[in-house]
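**Q**
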Amino acid sequence: MALQKKHLPIETLDDDNHKWSIAETTGNGGPMIVRFNETAKSWAKHPALDIRVGFAVPLKQANPDGLPVPEENQELSLVEDSILSHVRKLGPSVQVLAITTGTFKEFVFYVGNAAGIADVHKQIMSDVTSHEVQCVAERDPKWSVYDVFAKFA
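Positions 2 to 154 (this note's numbering) are the ones given, in order, by the sequence shown.
#1: Expressed to the nearest angstrom, what Euclidean distance is found between the alpha-carbon atoms of Val35 and Val88?
#2: When DSSP labels each residue in this structure, what does Val149 get in the three-state scheme?
#3: Are the CB atoms of Val54 and Ala138 nearer to each other than 7 Å?
#4: Measure from the alpha carbon of Pro65 to the alpha carbon of each residue in Glu133, Asn18, Trp21 and Gly28, then state which is nearest.
#5: Just verifying my parser: in three-state terms, what is the DSSP assignment at Ala49?
#6: Cβ of Gly103 within 7 Å of Cβ of Leu50?
#7: Alpha carbon to alpha carbon, how far is Ile118 from Leu91?
#8: List the endpoints of the continuous alpha helix (DSSP H) containing Glu76.
#9: Quick test of the definition: if touching needs 3 or more C-beta pairs under 8 Å, does the stretch 123 to 131 touch the stretch 73 to 87?
#10: DSSP three-state call for Trp21: helix, strand or coil?
#11: I'd like the span of the alpha helix (DSSP H) that includes Val121, first residue to last.
#12: So, under 8 Å CB-CB, Lys46 and Lys143 are touching, yes? Tell me the CB distance rounded to an integer number of Å.
#13: So is Asn18 buried or exposed if we call it buried at 16+ other beta carbons inside 10 Å?
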């Protein structure tokens, strides 16, 4: 009989004071910066956080051989703040990754409430006028995407 992993109570989940690490690697032929939420390990594979939501933001000034220019990266920081604010409205959620390449930036979350994702995406698209924000949600109870990037942390 396999032992089940103990998770921190979902009520203790917040986005404040999380420890993040940054790794540089390559992907799709160019550099990739991965910001990885180390604290999220405490909730990894929690049954109440089984839906992965990714918000991909194509860059206006694509640089396939490099990374975003500093001015656009500052704009993307504001986009991330808006996304985070809206995702919190879904209920328990945790941002686990921010992936930056020369063509896009993606913010990855695990949430438990799939019903509100479409509405949250509409609100984000209404609030964010500087960039297109794409959204994909999938059930991922094993946190497979988080685990893939854990090796870089």
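Don't be surprised by glycine CBs; every beta carbon is placed ideally from N, CA and C.
**A** Quick answer:
#1: When rounded, the distance between both Cα atoms is 20 Å.
#2: Looking at Val149 - three-state DSSP - the assignment turns out to be helix.
#3: Yes.
#4: The shortest C-alpha separation from Pro65 is found at Gly28.
#5: Coil.
#6: It is not a contact, given that the beta carbons lie outside the stated cut-off.
#7: Computed Cα separation, rounded: 7 Å.
#8: Boundaries of the alpha helix (DSSP H) harbouring Glu76: Pro71 to Val88, taken from the DSSP string.
#9: Yes: the two stretches touch, three or more of their Cβ pairs being nearer than 8 Å.
#10: Strand.
#11: Residues Ile118 to Asp128.
#12: Confirmed, Cβ separation roughly 6 Å.
#13: By the 10 Å Cβ count, Asn18 comes out exposed.
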